[in-house]
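Structure record follows, encoded as structure tokens.
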Amino acid sequence: MKFYEQGLAYRKGSYVNWCPSCQTVLANEQVVQGGTCERCHAQVTKRQLTQWYFRITAYAERLLEDMEALAGKWPDRVLTMQRNWIGRSVGAWVDFEIEGREEPVRVFTTRPDTLYGATFMVIAPDADLAGELVAETCRDEFEAYLEKTKLATEIERQSTEREKTGVFLGRYAINPVTGGKIPIWSADYVLAEYGTGAIMAVPAHDQRDLDFARKFGLPVQMVIDTGEADPAQSGIATPGDGTYVNSELLNGLTDKVSGVERICGKLAEDGRGEAAVTYRLRDWLLSRQRFWGCPIPIIHCPVDGEVPVPEDQLPVELPDLRGADLAPKGTAPLASVPEWVNTTCPKCGGPARRDVDTMDTFVDSSWYYFRYCSPGLDSAPFDIAEVAKWMPIDQYVGGVEHAILHLLYSRFFTKVLFDLGMIDFTEPFTRLMNQGQVINRGKAMSKSLGNGVDLGAQIDQFGVDAIRTTVVFAGPPEEDIDWADVSPSATVRFLQRAYRVANDVSSPIGADPTTGDLELRRTVHRTMGEITDLLELRRFNVCVARLMELVNATRKAIDTGVGSADPAVREAAEFTALGLSLFAPYVAEEMWELLGQPPSIAEATWPTIDPELRAAQTVTMAVQVQGKVRAKIEVPADISDADAEAAALADEGVIRALAGRSVAKVIVKAPRMVSIVPGA
RNA sequence: GCGCGAGUGGCGGAAUGGCAGACGCGCUGGCUUCAGGUGCCAGUCCUGGCAACAGGGUGGAGGUUCAACUCCUCUCUCGCGCACCA
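Terminal number for the first sequence in the numbering used here: 702, no gaps in between.
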């Protein structure tokens with residue numbers, strides 16, 4: 023309702039995307055890969071329908087600008103996809119007079135400086151303008167062409183390989199700078215949705231226009247001399263910079279910037295155009311012909327037209343249609359429920375009808391996170407104070423498949439709510455990570471594909487801890503994992519090993535760890551320290567690997583001399599349980615109880631790492647001779663460069679590798695590395 | 001075509017420019033077991049060698065460096081995104 027009040031929600035008739043399999047319209051963002059449906063991947067077709075839209079285009083510039091604040095915090099890939107989707111281009115509007123018509127036709131061009139070379143005009147066949155302009159003598163041919171265009175699938179239409187097609191509309195426009203008569207054609211290489219659906223064609227300097235001109239024998243006029251062959255002869259357009267020619271006002275200029283500036287100045291002066299910015303982004307088609315969705319809160323009155331449902335009657339709820347067939351059939355299911363549809367006009371009290379379309383699920387997902395801040399609230403969608411406290415979301419996790427859908431829509435919603443003064447921030451998600459997907463039988467698992475692994479069955483078989491740990495251990499969170507590569511049973515074994523370690527501890531609760539085995543304690547503190555760092559870096563798969571090492575080391579200590587009664591073993595088991603609690607909370611809780619620790623591991627604090635124990639006492643120093651490792655020497659961690667060098671040069675293996683040669687240079691990175699460069 | 005991302009054992013994957021292959025799977029041999037499984041021990045990049053050890057090795061070709069999976073140039077392959085946007 024707020025969007026409607028702001029003029030950001032409106033209804034219009036247009037050619038829209040239609041999914042024949044889902045039996046509903048789709049937003050442009052929901053048409054993917056060669057014109058297929060995002061949901062079911064059926065070929066999307068076009069239909070002329072009246073639908074509801076959100077005016078997201080009004081926010082194009084801000085959606086673009088505000089991405090600067092997201093740089094480095096969102097994956098570049100997503101930012102690039104949004105930038106391309108918004109598709110800002112700088113150029114000019116140019117108005118062309120039409121012979122025998124009052125109203126001029128406006129086109130958008132990024133190259134107003136080539137206006138003198140505009141030798142014909144092309145209009146998208148499915149743009150209303152084409153139908154308005156076509157001369158009676160050409161109408162039949164045009165109608166046939168339009169039909170063919172509508173039938174062509176997106177994939178055919180988008181193919182660059184495709185030969186140009188088109189029809190002459192029998193009309194002429196006037197080039198506003200040359201005054202010359204130029205023919206108006208219609209061709210499907212011009213898109214109805216972009217700009218005004220009409221272009222000025224400059225064949226000499228645009229390959230697409232040139233291909234079209236050559237096919238249909240239209241004139242080619244070079245207006246920039248780039249030093250390359252004349253496009254009229256070569257068939258290769260020259261879009262680059264050069265010296266303007268055949269362009270009265272521009273002749274002699276050599277740079278595009280001043281060319282564009284001068285033409286735009288001239289157009290503005292004559293009232294025939296102006297500098298302009300356009301966007302590829304289209305308004306968001308939000309209405310759907312489905313039952314399951316929020317009804318659009320508008321009442322259609324024969325007297326008052328569109329009337330908003332009063333705020334105290336919101337939200338409009340769906341009728342109870344239990345038992346009815348709700349499968350989408352191409353028309354709004356709500357239309358067939360007269361007792362729901364028929365209502366009275368809030369304005370005049372006369373009979374009126376509710377809007378029967380529902381909103382796309384992406385409308386809901388664009389602001390669910392605000393609702394999550396105050397889920398129990400009855401009187402409003404969300405509590406402004408609660409949202410102020412919790413939002414924006416610090417770290418969001420979601421798949422790239424939402425790059426130009428959910429993630430763009432949510433940014434739009436947030437900006438609108440900001441403008442309404444309901445929130446005080448303009449971006450919903452401060453940081454974003456794209457997690458990988460789980461692949462099964464060659465495809466990302468999805469409900470609609472039905473190739474999901476039955477998690478319930480997996481959990482019954484292996485336990486929820488094992489499944490969660492298995493997924494985490496399978497690889498970095500950003501990468502896809504193939505379910506065929508994972509091994510829940512191996513994780514079960516690991517968790518059992520960890521559990522047994524806790525079970526074997528026989529030292530009393532509270533035993534002083536400092537009296538325990540020093541070597542084991544060093545391992546424990548070093549490993550836990552590393553895990554702590556890895557968690558910050560979100561390297562969870564490596565964390566699990568380190569926990570495995572910890573369990574192995576503790577097991578070995580118990581079995582070989584240190585013994586289960588050593589307090590260091592207790593410390594190791596407690597640390598392991600704490601580390602494990604992040605991935606396998608139930609097993610960790612059981613371990614915690616076995617270790618006799620107080621109520622719940624969920625309330626325990628992260629272990630304190632002793633920096634002295636963590637710091638290695640001795641390290642294995644590698645010695646390279648001419649880049650090859652020739653010796654590994656155990657040295658104190660605090661060894662001096664001089665001592666390290668001396669130890670390296672005294673090593674038997676190093677002496678052998680030097681084979682009597684002198685030492686030309688020694689690079690010492692104590693205590694890790696000594697590199698020796700032999701001389702002659 | 002343009003733009004990203006990724007190429008490391010049989011597999012998933014580890015490695016602030018500093019010991020390539022951590023950890024796990026799988027596999028091989030052994031112990032335990034009536035048996036299977038579990039558990040435990042040993043081995044597992046390639047070549048030569050009983051071994052010590054030597055040589056080679058991170059898609060390919062060059063380069064920078066004492067030292068390159070890591071940085072640079074070119075190239076190949078795969079994946080993803082965009083694709084007649086005027």
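A virtual CB, placed ideally from N, CA and C, is assigned to each residue, including glycine.
Identify whether residue i lies in helix, strand or coil by the three-state DSSP scheme.
i: Pro187; result: Checking the sequence shown, residue 187 turns out to be Thr, not Pro. The answer is coil: DSSP assigns Thr187 none of H, G, I, E or B.
i: Asn39; result: strand
i: Leu442; result: coil
i: Val690; result: strand
i: Ser111; result: strand
i: Ala254; result: helix
i: Lys369; result: coil
i: Tyr19; result: Since the first residue shown for the chain is 23 and the last is 702, residue 19 is missing from the structure and cannot be characterised.
i: Gly583; result: coil
i: Ile426; result: coil
i: Gly287; result: helix
i: Phe605; result: coil
i: Gly420; result: strand
i: Trp314; result: coil
i: Ile204; result: strand
i: Glu215; result: coil
i: Phe130; result: strand
i: Thr141; result: coil
If I measure Cβ to Cβ from residue i and keep anything under 6 Å in the same chain, skipping five residues before and after, which residues do I get?
i: His428; result: Ser387
i: Gln52; result: Glu60
i: Ala214; result: Ala146, Asp148 and Ala149
i: Pro97; result: Asn456
i: Thr265; result: Asp247 and Thr276
For the alpha helix (DSSP H) containing residue i, name the first residue and the last one.
i: Tyr301; result: First-last for Tyr301: Gly295 to Tyr301, but that is the beta strand (DSSP E), not the alpha helix (DSSP H).
i: Glu625; result: Neither: Glu625 is in no alpha helix (DSSP H) and is coded neither H nor E.
i: Asp386; result: Thr383 to Ser387
i: Pro589; result: Pro589 to Leu602
i: Phe404; result: No alpha helix (DSSP H) holds Phe404; DSSP gives it neither H nor E.
i: Arg490; result: Val486 to Phe495
i: Arg236; result: Gln229 to Phe238
Have a look at the options and flag the residue whose alpha-carbon is nearest the alpha-carbon of residue i.
i: Val199; options: Val385, Glu270, Met455 and Glu423; result: Glu270
i: Val325; options: Arg284, Leu191 and Arg375; result: Arg375
i: Tyr194; options: Thr141, Arg161 and Thr187; result: Thr141
i: Val709; options: Ser509, Val116 and Arg304; result: There is simply no residue 709 to check, as the chain begins at 23 and stops at 702 in what is shown.
i: Ala638; options: Arg543, Val696 and Ala606; result: Arg543
i: Gln65; options: Leu48, Arg310, Lys691 and Ile145; result: Leu48
i: Thr642; options: Asp581, Val688, Ala659 and Thr627; result: Ala659
i: Asp247; options: Leu213, Gly139, Arg560 and Gly701; result: Gly139
i: Ala575; options: Met550, Asp377, Val338 and Arg236; result: Met550
i: Arg133; options: Gln229, Lys278 and Glu163; result: Lys278
i: Arg515; options: Asp482, Pro498 and Met570; result: Met570
i: Ala357; options: Gly345, Pro341 and Gly371; result: Pro341
i: Val15; options: Arg561, Asp555 and Val527; result: Absent from the model: residue 15. The displayed extent of the chain is 23 to 702, so no value can be given.
i: Ala31; options: Val685, Val438 and Ser603; result: Val438
i: Ile258; options: Asp632, Pro126 and His227; result: His227
Return the chain-ordered list of same chain residues with a C-beta closer than 8 Å to the C-beta of residue i, the five sequence neighbours on each side being excluded.
i: Val329; result: Ile320, Ile321, His322, Cys323, Cys367, Pro368, Lys369 and Ala374
i: Leu101; result: Met89, Leu92 and Ala93
i: Asn268; result: Tyr138, Gly139, Gln243, Met244 and Val245
i: Ile285; result: Ala114, Pro134, Asp135, Leu137, Val199, Leu271 and Leu272
i: Glu674; result: Ala653
In chain order, what residues of the same chain lie with their CB nearer than 7 Å to the CB of residue i, ignoring the 5 residues before and after it?
i: Asp231; result: Ala223, Val224 and Pro225
i: Ala599; result: Ala524, Ala610, Met613, Trp614, Leu617 and Ile623
i: Phe130; result: Gly113, Trp115, Gly217, Thr218, Ala298 and Thr300
i: Val690; result: Asp663, Ala666, Glu667 and Val696
i: Arg636; result: His547, Arg548 and Gly551
i: Leu86; result: Arg105, Ile108 and Arg110
i: Met23; result: Pro319, Pro330, Glu333 and Leu336
Is the closest heavy atom of the ligand NAP to the C-beta of residue i under 8 Å?
i: Met695; result: This structure simply doesn't include the ligand NAP, nor any ligand for that matter.
The region 260 to 276 / the region 104 to 119 touching (three or more Cβ pairs under 8 Å): No contact exists between the region 260 to 276 and the region 104 to 119.
Contact between the region 529 to 548 and the region 592 to 601 (3+ Cβ pairs under 8 Å): Counting Cβ pairs under 8 Å, three or more are found: they touch.
Given 8 Å, three or more beta-carbon pairs between the region 388 to 407 and the region 350 to 367: In short, these stretches do not touch, since the Cβ pair count stays below three.
The region 111 to 129 in contact with the region 288 to 303 per 3-pair CB rule at 8 Å: Yes: at least three Cβ pairs fall under 8 Å.
Inter-stretch contact at 8 Å, needing at least 3 Cβ pairs: the region 31 to 42 / the region 62 to 79: Because the criterion of three Cβ pairs below 8 Å is met, the region 31 to 42 and the region 62 to 79 touch.
Three-pair Cβ contact test at 8 Å for the region 670 to 690 versus the region 649 to 658: Output reads yes: the region 649 to 658 touches the region 670 to 690.
The region 413 to 433 touching the region 444 to 452, judged by at least three CB pairs closer than 8 Å: By the Cβ criterion, the region 413 to 433 is in contact with the region 444 to 452, since at least three pairs of Cβ atoms, one from each stretch, lie closer than 8 Å.
Validate contact between the region 306 to 317 and the region 377 to 386 using beta carbons, cut 8 Å, 3 pairs: As far as the Cβ criterion goes, the region 306 to 317 touches the region 377 to 386, which means the pair count is three or higher.
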